[in-house]
Each structure stands twice: as structure tokens, then as C-alpha cells.
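Engineer:
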Amino acid sequence: MPRFWLLTRYDESLGVPPMTEWDPADMEAHLAWLTTLNAELVESGELVEVTALVSPELAKVVTAGGPAGVVVTDGPFGEAKEVLAGYQVVDVESEERALEIAGRVSAAPGPGGVPLRQRIEVRQVMGPV
Amino acid sequence: MTDLGELAPRTLAVLARRHRDFAAAEDAVQEALLAAAMAWPVDGEPDNPLGWLVRAAERRMTDRYRADRARRNREDAAARLDPGAGAAPAADDTLTLLLLCCHPVLTPASAMALTLRAVGGLSTAAVAAAFLVPEATMAQRISRAKARIAAAGGRFAMPDRPDLVSVLHVLYVMFTESHVTAAGPALDRPDLAAEAIRLTRRVHALRPDDPEIAGLLALMLLTDARRPARTTATGDLVELHEQDRSLWDRGLMTEGLRLLIAARTHGVVGVYQLQAAIAAVHAGPPDWPQVLSLYDLLLRLDDNPVVMLNRAVAVAMVHGPDAGLAEVDAVATRLPRHFRVDVVRGHLHDMRGDRAAAARHYAAAAARTTNLAEQRHLTLRAARLNAPRAGAVTRSTPWDPRP
Numbered sequence: 001m002p003r004f005w006l007l008t009r010y011d012e013s014l015g016v017p018p019m020t021e022w023d024p025a026d027m028e029a030h031l032a033w034l035t036t037l038n039a040e041l042v043e044s045g046e047l048v049e050v051t052a053l054v055s056p057e058l059a060k061v062v063t064a065g066g067p068a069g070v071v072v073t074d075g076p077f078g079e080a081k082e083v084l085a086g087y088q089v090v091d092v093e094s095e096e097r098a099l100e101i102a103g104r105v106s107a108a109p110g111p112g113g114v115p116l117r118q119r120i121e122v123r124q125v126m127g128p129v
Numbered sequence: 130m131t132d133l134g135e136l137a138p139r140t141l142a143v144l145a146r147r148h149r150d151f152a153a154a155e156d157a158v159q160e161a162l163l164a165a166a167m168a169w170p171v172d173g174e175p176d177n178p179l180g181w182l183v184r185a186a187e188r189r190m191t192d193r194y195r196a197d198r199a200r201r202n203r204e205d206a207a208a209r210l211d212p213g214a215g216a217a218p219a220a221d222d223t224l225t226l227l228l229l230c231c232h233p234v235l236t237p238a239s240a241m242a243l244t245l246r247a248v249g250g251l252s253t254a255a256v257a258a259a260f261l262v263p264e265a266t267m268a269q270r271i272s273r274a275k276a277r278i279a280a281a282g283g284r285f286a287m288p289d290r291p292d293l294v295s296v297l298h299v300l301y302v303m304f305t306e307s308h309v310t311a312a313g314p315a316l317d318r319p320d321l322a323a324e325a326i327r328l329t330r331r332v333h334a335l336r337p338d339d340p341e342i343a344g345l346l347a348l349m350l351l352t353d354a355r356r357p358a359r360t361t362a363t364g365d366l367v368e369l370h371e372q373d374r375s376l377w378d379r380g381l382m383t384e385g386l387r388l389l390i391a392a393r394t395h396g397v398v399g400v401y402q403l404q405a406a407i408a409a410v411h412a413g414p415p416d417w418p419q420v421l422s423l424y425d426l427l428l429r430l431d432d433n434p435v436v437m438l439n440r441a442v443a444v445a446m447v448h449g450p451d452a453g454l455a456e457v458d459a460v461a462t463r464l465p466r467h468f469r470v471d472v473v474r475g476h477l478h479d480m481r482g483d484r485a486a487a488a489r490h491y492a493a494a495a496a497r498t499t500n501l502a503e504q505r506h507l508t509l510r511a512a513r514l515n516a517p518r519a520g521a522v523t524r525s526t527p528w529d530p531r532p
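Residue numbers (the numbering used here), protein chains in the order written: chain A, 1 to 129; chain B, 130 to 532.
Below, the structure is given as C-alpha cells:
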């Protein structure tokens with residue numbers, strides 16, 4: 001079965017305030033939406049992994065070079081407006097099914113229960129050599 | 130059915146003593162355990178399970194030595210030297226193994242993995258699942274750990290003055306690891322807390338008069354007793370003062386308290402006993418002056434900034450939030466960018482009634498934690514404090530800070 005990564009990013013262009021400023025009920029609804037989705041994917045035997053990454057505030061960028069051998073800079077990453085927040089890995093019958101799941105992730109409710117419409121990047125994992 | 134986990138260290142002790150090659154013996158026992166797990170359910174359990182395992186592991190070691198010509202002479206020598214070795218495994222074999230597996234040259238991560246396999250009797254696959262890494266990676270981690278022990282001169286022998294500090298530390302880390310392991314859909318993941326408790330029980334049974342071992346076991350039991358109340362059905366964290374106490378496991382709670390009381394009669398106070406004592410006080414009606422004096426004792430034994438930070442909460446509960454915040458300021462430089470500093474500051478500002486400052490600190494803490502459940506919990510707290518005051522909004526602390 002083909003395997004896909006569904007990547008979710010922090011996206012400033014959505015114009016949504018940080019979650020700490022949401023109505024608590026909206027935040028709970030958002031989390032419940034994703035929890036329910038992941039539970040369904042476990043139930044259907046399609047979920048391989050869910051990974052949430054720590055906040056960009058803790059991110060670092062390492063580049064070889066400099067007197068110490070490497071240059072380490074603190075994130076977030078310069079001009080980047082989109083930073084990876086996490087990903088799901090799903091093992092599904094078809095690309096169509098992966099897109100359907102990504103649609104559910106994107107429809108997760110935001111402030112006021114309005115779907116956030118985050119852009120979910122769907123990438124198929126390459127098969128082994 | 131006999132518990133293979135109990136037989137693993139006994140089998141290993143026999144082989145390690147007979148062949149004086151801990152690393153090879155550990156591999157052979159692992160293979161024998163797998164063979165037993167396959168054969169026994171089909172053929173029925175042998176009359177002498179330990180003897181069966183020893184013979185099976187012995188065969189595998191012999192096969193390996195034969196294949197490895199360079200080692201052949203050593204095998205013969207060992208057999209001649211020590212024909213009756215292993216006939217009477219000493220009660221301390223488990224301790225000897227633990228001391229070897231928790232050798233100070235190992236990182237806790239490596240020591241935990243090796244301990245779970247060699248002493249806990251878990252398969253490599255199960256240990257790998259416990260730490261969410263591929264099986265091949267875990268096999269390599271264990272084999273490198275054994276090589277490091279060998280390079281450091283570690284042997285299967287009880288030292289003249291066994292020092293269990295490193296063993297207790299590894300068991301403690303194994304237990305706390307279980308609280309933070311990433312959530313995921315791994316269904317067959319062994320429960321590290323349960324494994325840590327099982328191993329600590331065995332150590333306590335072997336050294337019932339050691340008050341720190343009893344203290345560590347008490348700390349684990351008192352903490353584990355609260356586990357059913359620590360999260361909601363959806364996985365959200367519930368803080369101690371908001372937990373439904375009827376969900377606590379009374380049996381574990383009572384056992385932990387009994388151990389702690391018995392340990393006190395030995396007159397030696399250590400860090401695990403004190404932490405268990407704090408957990409025990411929290412199990413009863415609020416008694417912050419008592420908690421504060423226990424933290425004072427703990428700090429005298431262990432100058433640890435995280436202990437100082439936790440003590441700051443007790444200071445605030447006894448002397449008011451401003452006194453607590455001053456304590457946090459004093460320790461903050463020793464915990465740079467540590468999310469717990471902001472958690473405590475958020476909590477204490479909330480006690481003072483400064484909701485905006487509390488929300489700011491909780492939001493900062495949420496951005497710095499590396500645990501998903503904690504991040505959600507802190508984000509929600511910040512969101513609640515930022516929300517316009519309404520009847521539905523609950524204060525995050527029900528305690529009255531004034532004594």
C-alpha cells in the first residue's frame with residue numbers, strides 16, 4: 001500500500017491568532033477534531049505515526065563551517081513564514097484516500113468553529129531500493 | 130505458565146558465571162527465551178523450565194563458540210575450570226546483573242535498554258517498542274552497551290561493596306520516562322512504569338532493609354496510584370489538586386505508605402524517601418508547611434535547581450505568592466529556558482490575581498515544553514486566562530494563598 005506524509009505547518013498567512021488567545025472551547029473543539037480523526041485512522045488500520053514537533057522557538061539550524069566547525073543559529077528560520085508543526089504518516093489504499101484524510105485535517109475548526117483551512121502538504125514516501 | 134521474565138536473569142546468571150562472558154551469555158539467553166516462547170505453548174511447559182532454558186542457552190553459546198574458532202580454546206578451558214558452576218545460583222544474582230547492566234559508564238538510555246532485556250527478560254522487539262525505535266537500532270544499542278561494559282572491565286561478579294546508586298537512578302529514570310514517552314498508536318508498547326515497578330520490587334525483596342530502595346518503591350507506587358486520575362479520557366492532563374481522588378488506586382497508595390513508614394525506622398533519610406514523603410503528604414489533606422520542610426531537607430541532600438523550583442511553590446503556599454516568585458527568580462538562572470520556570474511563574478502570578486502575566490508565562494511555557502500533553506494543557510490554561518471573565522471560567526488554582 002502506498003504510504004504518505006501529511007505535513008502541517010504553522011502558517012502566518014492564515015491570519016489566525018496563536019492558540020493561547022483562542023476561546024478555550026474553540027481550542028478544545030480543534031484538538032477533539034484531530035484526536036477523533038487519529039483514533040479513526042488507528043481503527044481503520046491506516047495510521048503509521050503521528051508526530052508533533054516542538055515549537056519553532058526551540059528550533060535550531062546547524063551549518064558546517066566557522067571556527068567551531070559548525071554554526072548553530074536559533075530558529076525560527078529567518079524569513080520563513082511557514083514552519084513545520086508536525087506530520088501524520090498514513091498507509092492507505094490510494095492517493096485519493098490520502099487526499100481525503102488531508103482534507104479532514106485541513107477542515108479542523110479554528111476560532112468560532114470556522115474551519116482553519118490549513119494547507120496540508122501530501123507527499124508519498126518512496127519505495128525501497 | 131512460568132513467568133519468563135523471572136527466569137531470564139536466573140538463566141543469565143548461570144551462563145555468565147559458567148562462561149565468564151556476559152555479552153555472549155546475554156545474547157544466548159535472549160535466543161533461548163525466544164525459543165521457549167515459541168516451543169512451550171505448543172509442546173507444553175517443561176518440568177524444569179530453568180533447566181530447559183539453561184540447556185537451550187548453553188547450546189547456543191556452544192554453537193557460537195564453535196563457529197568462532199578463535200574462542201574455542203576458551204570454551205574448553207572454561208568447561209574444565211568450572212564444571213559445577215551455576216549449580217546453585219545465589220539469591221544475589223539479580224542484583225549482580227543489575228549492577229552490571231546499570232554500570233556507571235552507560236547512559237541511562239543504554240542502561241535501561243540492557244536492564245529491560247537482561248534482567249526484565251523482554252525481547253529486543255519489546256524493548257524497541259518501549260522506546261519507539263526500530264528493532265535493529267535497539268539491538269545495536271544493547272550490543273554497544275555490553276561492549277562498553279566489557280571495555281570498562283565490568284564482569285559478572287558481586288563487588289565487595291555494592292553501590293546501588295546507579296541501579297536506583299536507572300530504575301527511577303525508567304519510571305519517569307513512562308510519564309513523558311511520546312503518545313502514538315503503538316498498541317503493544319510495554320509499560321515502562323510497570324517494568325520499573327516490577328524490577329524495583331525485586332530489588333526491594335532482595336534488600337528489604339535498605340530504606341532508599343523502599344523509598345524509591347514507595348515513590349513509584351504513590352505516583353502510579355494517581356495515574357488513573359492524572360489524565361482525562363481524551364488524554365488531557367489533570368493537575369493534582371483537581372484530580373478525582375476516588376480514582377486513585379487505594380491498594381497502591383496503602384502499600385506505598387506502609388513501605389515509607391517501615392523505611393523510616395532505619396533512621397537513614399535519602400532523596401527517594403523524601404520525594405516519596407512529599408508524594409504521601411500530597412495524598413492527604415493540604416499541609417504545605419509540611420511539604421515545605423520536606424523540600425528543605427531534600428535540598429540539603431540534593432542541591433538541584435528543579436527541587437528548588439518545586440520548593441518555590443511550597444514557599445508561595447505558606448508565605449504567599451510574592452515570596453514564591455522571589456524564590457523562582459533566585460533559581461531561574463540555573464534553569465535557562467526551562468519551561469517549568471514559566472509554569473511556576475504563571476501559577477504564582479495567577480495566585481496573585483494577575484491573569485495577564487499568568488497567561489503570558491503559561492504561553493511561554495507552552496512554547497518551550499517538549500511534551501504534547503503538557504503543551505496542550507498549558508495552552509489551554511493560557512487561553513482560559515486570556516478569555517474574558519465569565520462564569521464558566523475557572524481559576525487555575527483553588528487554593529487560598531494566605532495561611
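We treat Cβ as the ideally placed atom computed from N, Cα and C, and that holds for glycine.
No experiment lies behind these values; they were computed from the predicted model shown.
Within 8 Å, do at least three Cβ pairs link the region 484-498 of chain B to the region 336-352 of chain B?
Structural biologist: Counting Cβ pairs under 8 Å, fewer than three are found: no touch.
Engineer: Can you confirm whether arginine 469 (chain B), when its beta carbon is compared against all beta carbons of chain A, has any partner nearer than 8 Å?
Structural biologist: False, the Cβ-Cβ gap to chain A never drops below 8 Å.
Engineer: I'd like to know whether the C-beta atoms of alanine 259 (chain B) and leucine 245 (chain B) end up nearer to each other than 8 Å.
Structural biologist: Closer than 8 Å, so yes.
Engineer: Show which residues of chain A have a CB atom less than 7 Å away from the CB atom of arginine 505 (chain B).
Structural biologist: Neighbours of arginine 505 (chain B) on chain A, chain order: Leu31.
Engineer: If you follow the beta strand (DSSP E) that aspartate 91 (chain A) is part of, which residue opens it and which one closes it?
Structural biologist: Per DSSP, aspartate 91 (chain A) belongs to the beta strand (DSSP E) from 82-91.
Engineer: Quick one: Cα of methionine 19 (chain A) to Cα of alanine 502 (chain B), how far?
Structural biologist: The alpha-carbon atoms of methionine 19 (chain A) and alanine 502 (chain B) are separated by roughly 15 Å.
Engineer: What does DSSP give as the partner residue(s) for phenylalanine 4 (chain A) in the beta ladder?
Structural biologist: Paired residue(s): A:Val90 and A:Gln124.
Engineer: Name the chain A residues whose beta carbon is nearer than 9 Å to that of alanine 347 (chain B)?
Structural biologist: Neighbours of alanine 347 (chain B) on chain A: none; closest Cβ ~33 Å, over 9 Å.
Engineer: Using DSSP with H/G/I as helix, E/B as strand and the rest coil, what is alanine 64 (chain A)?
Structural biologist: Looking at alanine 64 (chain A) - three-state DSSP - the assignment turns out to be strand.
Engineer: Measure from the C-beta of alanine 534 (chain B) to each C-beta in chain A and report whether the shortest distance is under 8 Å.
Structural biologist: Since the first and last residues shown for chain B are 130 and 532, residue 534 (chain B) lies out of range.
Engineer: Distance check for valine 398 (chain B) and glycine 134 (chain B), CA to CA, integer angstroms please.
Structural biologist: Approximately 32 Å between the Cα atoms of the pair.
Engineer: Put threonine 20 (chain A) into one of helix, strand or coil per three-state DSSP.
Structural biologist: Note: threonine 20 (chain A) maps to helix in three-state DSSP.
Engineer: Please report the distance separating the alpha-carbon of valine 92 (chain A) from that of methionine 27 (chain A).
Structural biologist: Cα-Cα distance, rounded: 29 Å.
Engineer: Counting only beta-carbon atoms, is leucine 509 (chain B) nearer than 8 Å to chain A?
Structural biologist: By this cut-off, leucine 509 (chain B) is an interface position.
Engineer: Along chain A, which residues have their Cβ under 7 Å away from the Cβ of threonine 499 (chain B)?
Structural biologist: In chain order: Val54.
Engineer: Under 7 Å Cβ to Cβ from threonine 85 (chain B), same chain only, skipping five residues before and after it: list those, please.
Structural biologist: Given that chain B is displayed from residue 130 to residue 532, the structure contains no residue 85 (chain B) and the question cannot be resolved.
Engineer: So, using beta-carbon positions, are valine 473 (chain B) and valine 457 (chain B) closer together than 8 Å?
Structural biologist: A contact, by the Cβ cut-off of 8 Å.
Engineer: What is the rounded straight-line gap between the Cα of leucine 243 (chain B) and the Cα of aspartate 132 (chain B)?
Structural biologist: So the two alpha carbons sit approximately 19 Å from each other.
Engineer: Could you pull the start and end residues of the alpha helix (DSSP H) that threonine 73 (chain A) belongs to?
Structural biologist: Looking at the DSSP string, threonine 73 (chain A) is not in any alpha helix (DSSP H); the run it does join, the beta strand (DSSP E), is 70-74.
Engineer: According to the neighbour-count rule (16 or more other Cβ atoms, all chains shown, within 10 Å of its Cβ), is glutamine 269 (chain B) buried or exposed?
Structural biologist: That one is exposed.
Engineer: In chain A, what lies closer than 7 Å to alanine 496 (chain B) by C-beta?
Structural biologist: Residues of chain A passing the Cβ test: Ser55 and Glu57.
Engineer: Establish whether the CB of glutamate 96 (chain A) and some CB of chain B are separated by less than 8 Å.
Structural biologist: Cβ-Cβ to chain B under 8 Å: no for glutamate 96 (chain A).
Engineer: If we ignore side chains and look at the alpha-carbon of each, how far apart do alanine 276 (chain B) and arginine 97 (chain A) end up?
Structural biologist: In a straight line, the C-alpha of alanine 276 (chain B) is about 47 Å away from that of arginine 97 (chain A).
Engineer: Can you list the alpha helix (DSSP H) stretches of 4 or more residues lying completely in the region 337-394 of chain B, in chain order?
Structural biologist: Taking only runs of at least 4 residues, the alpha helix (DSSP H) segments lying wholly in the region 337-394 of chain B are 340-354, 356-359 and 379-393.
Engineer: Who are tryptophan 52 (chain A)'s beta bridge partners in DSSP?
Structural biologist: In the sequence on display, residue 52 (chain A) carries alanine and not tryptophan. Alanine 52 (chain A) is bridged to A:Gly86.
Engineer: Please go through the same chain and pick out, in chain order, the residues whose beta-carbon is closer than 6 Å to the beta-carbon of glycine 112 (chain A), but skip the five residues on each side of it.
Structural biologist: Result list for glycine 112 (chain A): empty, nothing under 6 Å.
Engineer: Per DSSP, which residues does tyrosine 10 (chain A) bridge with? Please list them.
Structural biologist: According to DSSP, tyrosine 10 (chain A) bridges with A:Val83.
Engineer: With a cut-off of 8 Å on the beta carbons, I'd call glutamate 82 (chain A) and tyrosine 10 (chain A) a contact; round off their distance for me.
Structural biologist: Confirmed, about 7 Å.
Engineer: Which residue marks the beginning of the alpha helix (DSSP H) containing proline 138 (chain B), and which one marks its end?
Structural biologist: Segment 133-148, the alpha helix (DSSP H) holding proline 138 (chain B).
Engineer: Which residue spans inside the region 398-480 of chain B form an unbroken alpha helix (DSSP H) run of at least 4?
Structural biologist: Those alpha helix (DSSP H) runs which fall completely within the region 398-480 of chain B and span 4+ residues are 400-412, 417-430, 434-448 and 450-461.
Engineer: Can you tell which of A:Met126, A:Arg123 and A:Ser106 has its C-alpha closest to the C-alpha of leucine 14 (chain A)?
Structural biologist: Considering only alpha carbons, the answer is A:Ser106.
Engineer: Would you list, in sequence order, the uninterrupted alpha helix (DSSP H) runs of no fewer than 4 residues that lie entirely inside the region 244-275 of chain B?
Structural biologist: As far as the region 244-275 of chain B is concerned, its whole alpha helix (DSSP H) runs of at least 4 residues are 253-259.
Engineer: For leucine 47 (chain A), does the three-state DSSP call read helix, strand or coil?
Structural biologist: The answer is strand: DSSP assigns leucine 47 (chain A) an E or B state.
Engineer: For proline 115 (chain A), which beta-bridge partners are listed by DSSP?
Structural biologist: Answer is A:Pro109.
Engineer: Please tell me whether aspartate 23 (chain A) has its Cβ less than 8 Å away from any Cβ of chain B.
Structural biologist: For aspartate 23 (chain A), the answer is yes, since a Cβ of chain B falls inside 8 Å of its Cβ.
Engineer: Which value, in whole angstroms, describes the spacing of the CA atoms of proline 291 (chain B) and methionine 480 (chain B)?
Structural biologist: Their backbone Cα atoms lie some 47 Å apart in a straight line.
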